[in-house]
Amino acid sequence: SIVEGSPTDINQLILKGDIDFAPISSLEYALHQEKYILLPNLCIGSRDFSRSVLLLSRERIDGLNHTKIVLSQKSLSSAALLKILFKYKYRFENEFVVEGGTPDEMLKLGKAALAIGDDALFYRPKEFLYKYDLSELWWDWTELPFCFSVWAVRRAYYEKHPREVFEFYRRLKSNTERNLQDLETLLKEALKLTVADGRFSQVFGYLFNLNYFLDEEMEKGLKLFYRFAARADLAPEVKTIHFIEV
């Protein structure tokens, strides 16, 4: 069966053993790496801008030092990325608070807010706001792509069912490759969006610009993120990323 949820919801489901496979937050792998093995070549990442992970701010980013920043509770990796950017790229010191709610509600609690997913993609501010795409900031700083999610299987499940895991991986990779060749059909069939729908072009552009394959450059970016996360005490050190045998 298939289960839907926010990245943090999915992280909790696989961590508890309620599901066996999932696209988990890249930070979740670092936090509980002993529990997971990754499916090779697959991820959700961005080489420049993602459109779905935005810092919304009433001030330019260079004016956000020593301010309160409100983080979405929907994504571990994005929150960690923002903390890393502020600490090491900008040399800022900030107070971070985690809240739910809409971007407008979050902005009442701090100088800037981190919006994720639909909250970022479809948000229309009532006032002028600066928008900063986090993966674009990462790219400008490191010249490497950013990996938001990795496909994982519970280690305990893989050790008992390696053949079934390989078959799932094979079908998942094949379906990903096929769907990317015809995004328009995917949007029509899976999301029930047509070209006449106002959101069609936004979602098409968003999906088209993301990267779904964990190639050499994406893995370099992921390893650099893990080094910064360990340095900032956001996660344990990741010495080796473990993948299933294919």
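With my numbering as the guide, the letters of the sequence shown map in order to residues 1384 to 1629.
Glycine included, every Cβ here is placed at the ideal spot set by N, Cα and C.
Keep in mind it's a predicted model, so treat the numbers as computed, not measured.
- According to the DSSP assignment, Pro-1406 belongs to the beta strand (DSSP E) that extends over 1404–1408.
- For the options Cys-1426, Ser-1455 and Val-1386, the alpha carbon positioned closest to that of Glu-1600 is the one of Cys-1426.
- Going by DSSP, Ser-1440 is part of the beta strand (DSSP E) stretching over 1436–1440.
- At a Cβ-Cβ threshold of 8 Å, Glu-1417 and His-1449 do not count as neighbours.
- With respect to the 8 Å criterion, Gly-1500 and Ile-1452 are not classified as neighbours on the basis of their beta carbons.
- Taking C-beta atoms as the reference points, Trp-1534 and Pro-1406 count as a pair closer than 8 Å.
- Just measuring C-alpha positions, the residue of Leu-1617, Leu-1512, Trp-1521 and Val-1629 sitting nearest His-1415 is Leu-1617.
- A Cβ-Cβ distance of about 6 Å is found for the pair Leu-1570 and Val-1586, placing them in contact under the 8 Å criterion.
- Counting the other Cβ atoms within 10 Å of the Cβ of Phe-1505 gives fewer than 16, which makes it exposed.
- Sorting Tyr-1609, Leu-1447, Pro-1528 and Arg-1507 by C-alpha distance to the C-alpha of Arg-1474 places Leu-1447 at the top.
- For Glu-1387, the secondary structure class from DSSP, reduced to helix, strand or coil, is coil.
- Nearest neighbour of Pro-1528 by Cα position, chosen from Asp-1401, Gly-1484 and Leu-1464, turns out to be Leu-1464.
- Shown here, Lys-1457 sits in coil according to DSSP, grouped into three states, outside any helix or strand.
- According to the DSSP assignment, Val-1548 belongs to the alpha helix (DSSP H) that extends over 1545–1563.
- In the DSSP annotation of this structure, the continuous segment of the alpha helix (DSSP H) that includes Asp-1523 starts and ends at 1517–1525.
- Non-local beta-carbon contacts of Arg-1443 in its own chain, meaning distances under 8 Å to residues more than five positions away in sequence, involve Tyr-1513 in chain order.
- In this structure, Pro-1508 lies away from Ala-1496, with their beta-carbon atoms at least 8 Å apart.
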